[in-house]
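K.L.:
In terms of the numbering used here, the numbers along the sequence shown are unbroken and rise by one, the last being 537.
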Amino acid sequence: MNSRGDRKALRVALVLSELRPGGMERLVVHLATELHNRKIPVQVICLQGLGELAYLLAEKNVPVLSLESHGSKDFSAILRLRKELKKFQPSVINMHDYASLPYVSLGNLLSGRSPLLFTAHGLLYEGFASLQKRNRFFSFFLKGLSAVSEKVSVRHREYLDWKKPIQVIANGVPEVAVSAEKRKFVRDELDCTDSTHLFLAVGNPRPEKGFEDLLAAASKLRDKGLDFLVAIAGTLTENDYCRNLQQQLVDLKLEQHCRFLGFRDDTAALYSAADSFVLSSRSEGLPMVILEAMTAGLPVVATAVGGIPDAVGDHVLLVDAEKPDDLADAMQRIAEDEIMRKDLAEKGKFFVKQNFGVERMVDQYLEWYKAVLSAEC
């Protein structure tokens, strides 16, 4: 192997649209931070704006830049990307969303032709069918494909008509530090008494997150007389789905039992305040938020979608997706059964720490990068 494949020569460019408050974006933050900690040169490139999570990299002095490309077919962005790639001279370029694929493919052709890698994060819930021909075309420029779970691997193999092996690298998360002080602060903010069971949900409201099912389940819990509050943290945008959710909240008269918190940058405090975590998604890859909640010592109720059953199925309470009655029953069980809560919390925290740590994940990414570089020699 030539020097380009040597660890000391490894230089990694991580590319995505924007560091928004989402699971894929948090993975990029964790990956970049750990590479930086290991003294491996890393550059995070955002095709659009920096996004709300960019400050997490800035705090660690991890280089991150934005191309500020906000329109379609922005050919000048390809030239700006070419300039940045020539300056950084990555030995590998790891993309994390399809929006970046055409720009990086063309910018890389003009700058030095480093091996292009793509990491698939989700199950392509909606909006990707019309882009399939484009993405299949640009996938010919890829030297490698990875996925966060086996089910995600199968979905993207079919979507891209990918014939080569796919490297499955499960998400990894750092342990979430919780504290009694943070717990009190957030619960006071939410007017949540000690006897009220606080369910936490985290995710940007989109159809695949199934928050309408969570609201329907909350309505059923209220009718059963349970003392609870559901707090949903995630950026609300001006679209029909978010407007419909807020109208559903009013129509079901759930204002005293459910709260949309919007974007929060104090997730550790939210995990500290919660009594359990709930995920109502209709489609997922391997959600970071479940792993984070488990490291924070929270018992989890989740829908059995995507890579969740295979990854953590024995350590969370699983229900079928799009079935609010089942979700409500599971939430009631976990709220009322203290022994179950403690058992799930303790075993889940240990399991995630052993199997889904950031260091393990980064080790596997590095092995993948080096294998691709060795094949290039």
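Where is the CB? At the ideal position from N, CA and C, for every residue including glycine.
Since we're looking at a predicted model, the values are computed, not measured.
Go ahead and pull the three-state DSSP assignment for residue 357.
P.N.:
The count along the sequence shown starts at 1 and reaches residue 357 at position 197. It is a strand residue.
K.L.:
Please give me, in chain order, every unbroken run of the beta strand (DSSP E) with length at least 3 that falls completely inside the region 284-369.
P.N.:
Qualifying beta strand (DSSP E) stretches, in chain order: 302-307, 326-328 and 357-362.
K.L.:
Give the DSSP-derived three-state secondary structure of residue 508 in the structure shown.
P.N.:
Position 348 of the sequence shown holds residue 508. In the structure shown, residue 508 sits in a helix (DSSP, three-state: H, G or I).
K.L.:
Buried or exposed: which applies to residue 281, given that a residue is buried once 16 or more other Cβ atoms fall within 10 Å of its Cβ?
P.N.:
Counting from one through the sequence shown, the residue named residue 281 turns up at place 121. It counts as buried.
K.L.:
Kindly provide the ranges of any alpha helix (DSSP H) runs that are 4 or more residues long and lie completely inside the region 436-486, ordered along the chain.
P.N.:
Here the runs fully enclosed are 448-455 and 468-472.
K.L.:
Would the beta-carbon of residue 170 fall within 7 Å of that of residue 205?
P.N.:
Numbered from 1 along the sequence shown, position 10 holds the residue referred to as residue 170. Numbered from 1 along the sequence shown, position 45 holds the residue referred to as residue 205. Against a cut-off of 7 Å, the Cβ pair of residue 205 and residue 170 comes out as no contact.
K.L.:
Reducing DSSP to helix, strand and coil, say where residue 419 ends up.
P.N.:
For the purposes of this step, residue 419 is identified with residue 259 of the sequence shown, where counting begins at 1. If DSSP states are grouped into helix, strand and coil, residue 419 belongs with the strands.
K.L.:
Going by the CB atoms, is the gap between residue 238 and residue 266 shorter than 7 Å?
P.N.:
Counting from one through the sequence shown, the residue named residue 266 turns up at place 106. Counting from one through the sequence shown, the residue named residue 238 turns up at place 78. Their beta carbons are under 7 Å apart, which means residue 266 touches residue 238 by this criterion.
K.L.:
Does the Cβ of residue 390 have 16 or more other Cβ atoms within 10 Å, making it buried, or fewer, making it exposed?
P.N.:
For this step, residue 390 is matched to residue 230 along the sequence shown. That one is buried.
K.L.:
Residue 193 to residue 220, Cα distance in whole Å?
P.N.:
The residue you call residue 193 lines up with position 33 of the sequence shown. The residue you call residue 220 lines up with position 60 of the sequence shown. For residue 193 and residue 220, the distance between alpha carbons rounds to 7 Å.
K.L.:
Can you tell me the Cα-Cα spacing of residue 460 and residue 233, whole angstroms?
P.N.:
As a position in the sequence shown, residue 460 is number 300, starting the count at 1. As a position in the sequence shown, residue 233 is number 73, starting the count at 1. Using only the alpha carbons, I get a separation of about 42 Å.
K.L.:
Does the region 169-186 touch the region 244-257, meaning 3 or more C-beta pairs lie closer than 8 Å?
P.N.:
Yes, since at least three Cβ pairs between the region 244-257 and the region 169-186 fall closer than 8 Å, the two stretches touch.
K.L.:
Report, in whole angstroms, the separation of the C-beta atoms of residue 271 and residue 242, which I expect to be a contact under 8 Å.
P.N.:
Against the sequence shown, residue 271 aligns to sequence position 111. Against the sequence shown, residue 242 aligns to sequence position 82. That belief holds up - the Cβ atoms of residue 271 and residue 242 are roughly 4 Å apart, short of 8 Å.
K.L.:
Residue 297 to residue 276, Cα distance in whole Å?
P.N.:
Translated into positions along the sequence shown, residue 297 becomes position 137. Translated into positions along the sequence shown, residue 276 becomes position 116. Roughly 14 Å between the two C-alpha positions.
K.L.:
Looking at chain D, is there any beta carbon in it that lies within less than 7 Å of the beta carbon of residue 346?
P.N.:
The displayed structure is made up of one protein chain only, and chain D is not part of it.
K.L.:
Work out the CA separation of residue 283 and residue 244 for me, nearest whole Å.
P.N.:
Walking along the sequence shown from the start, residue 244 turns up at place 84. Walking along the sequence shown from the start, residue 283 turns up at place 123. In a straight line, the C-alpha of residue 244 is about 31 Å away from that of residue 283.
K.L.:
In angstroms, rounded to a whole number, what distance separates the CA positions of residue 512 and residue 454?
P.N.:
Numbered from 1 along the sequence shown, position 352 holds the residue referred to as residue 512. Numbered from 1 along the sequence shown, position 294 holds the residue referred to as residue 454. About 7 Å.
K.L.:
Note the first and the last residue of the continuous alpha helix (DSSP H) segment covering residue 238.
P.N.:
Numbered from 1 along the sequence shown, position 78 holds the residue referred to as residue 238. First-last of the alpha helix (DSSP H) with residue 238: 235-248.
K.L.:
So, helix, strand or coil for residue 389, using DSSP?
P.N.:
Reading the sequence shown from its first residue, position 229 is the one you call residue 389. It is a strand residue.
K.L.:
Evaluate residue 325 with the Cβ neighbour count: other Cβ atoms within 10 Å of its Cβ, from every protein chain shown; 16 or more gives buried, anything less gives exposed.
P.N.:
The residue labelled residue 325 in the question sits at position 165 within the sequence shown. By the neighbour-count rule (16 or more Cβ atoms within 10 Å), residue 325 is not buried but exposed.
K.L.:
Need the endpoints of the beta strand (DSSP E) that residue 177 sits in, please.
P.N.:
Numbered from its first residue, the sequence shown carries residue 177 at position 17. Unbroken run through residue 177: none, as it is neither H nor E.
K.L.:
DSSP three-state label for residue 200, please.
P.N.:
Here residue 200 refers to the residue found at position 40 when the sequence shown is read from its first residue. Coil at residue 200, not helix or strand.
K.L.:
So the candidates are 231, 433, 264 and 443; which of them puts its Cα closest to the Cα of residue 246?
P.N.:
Indexing the sequence shown from 1 puts residue 246 at position 86. For the residues 231, 433, 264 and 443, the minimum Cα distance to residue 246 belongs to 264.
K.L.:
In the DSSP assignment, what residue or residues form a beta bridge with residue 225?
P.N.:
Locating residue 225 in the sequence shown gives position 65, counting from the first residue. Note: residue 225 sits in a beta bridge opposite 205.
K.L.:
Report yes if the C-beta distance between residue 258 and residue 368 is below 7 Å; otherwise report no.
P.N.:
As a position in the sequence shown, residue 258 is number 98, starting the count at 1. As a position in the sequence shown, residue 368 is number 208, starting the count at 1. For residue 258 and residue 368, no; Cβs fall outside 7 Å.
K.L.:
For residue 409 and residue 386, which I take to be in contact (beta-carbon distance under 8 Å), what is that distance rounded to the nearest angstrom?
P.N.:
Mapped onto the sequence shown, residue 409 falls at position 249. Mapped onto the sequence shown, residue 386 falls at position 226. In fact, because the Cβ distance is near 17 Å, the residues do not count as touching under 8 Å.
K.L.:
If the criterion is Cβ atoms closer than 7 Å, does the pair residue 183 and residue 312 meet it?
P.N.:
By 1-based counting over the sequence shown, the position of residue 183 is 23. By 1-based counting over the sequence shown, the position of residue 312 is 152. Not closer than 7 Å, so no.
K.L.:
Going along the chain, which residues of its own chain have a beta-carbon closer than 8 Å to the beta-carbon of residue 372, five neighbours each way excluded?
P.N.:
As a first step, residue 372 is located in the sequence shown; it is residue number 212 there, counting from the start. These residues qualify, in order along the chain: 404, 405 and 408.
K.L.:
For the beta strand (DSSP E) that residue 278 lies in, which residues bound it at each end?
P.N.:
As a first step, residue 278 must be located in the sequence shown, where it is residue number 118. Unbroken beta strand (DSSP E) run through residue 278: 276-280.
K.L.:
Anyone know if the C-beta pair for residue 420 and residue 396 falls short of 7 Å?
P.N.:
Within the sequence shown, residue 420 is the residue found at index 260, counting from 1. Within the sequence shown, residue 396 is the residue found at index 236, counting from 1. A contact, by the Cβ cut-off of 7 Å.
K.L.:
How about residue 277: is its Cβ closer than 6 Å to a heavy atom in the ligand MG?
P.N.:
Within the structure as shown, the ligand MG is missing, as the structure has no ligands at all.
K.L.:
Taking the straight line between their C-alpha atoms, what separation do you get for residue 162 and residue 535?
P.N.:
As a first step, residue 162 must be located in the sequence shown, where it is residue number 2. As a first step, residue 535 must be located in the sequence shown, where it is residue number 375. In this predicted model, residue 162 has a pLDDT of only 38, less than 50, meaning its place in the structure is not dependable; the value taken from the coordinates is given anyway. Looking at the two C-alpha atoms, the distance is approximately 11 Å.
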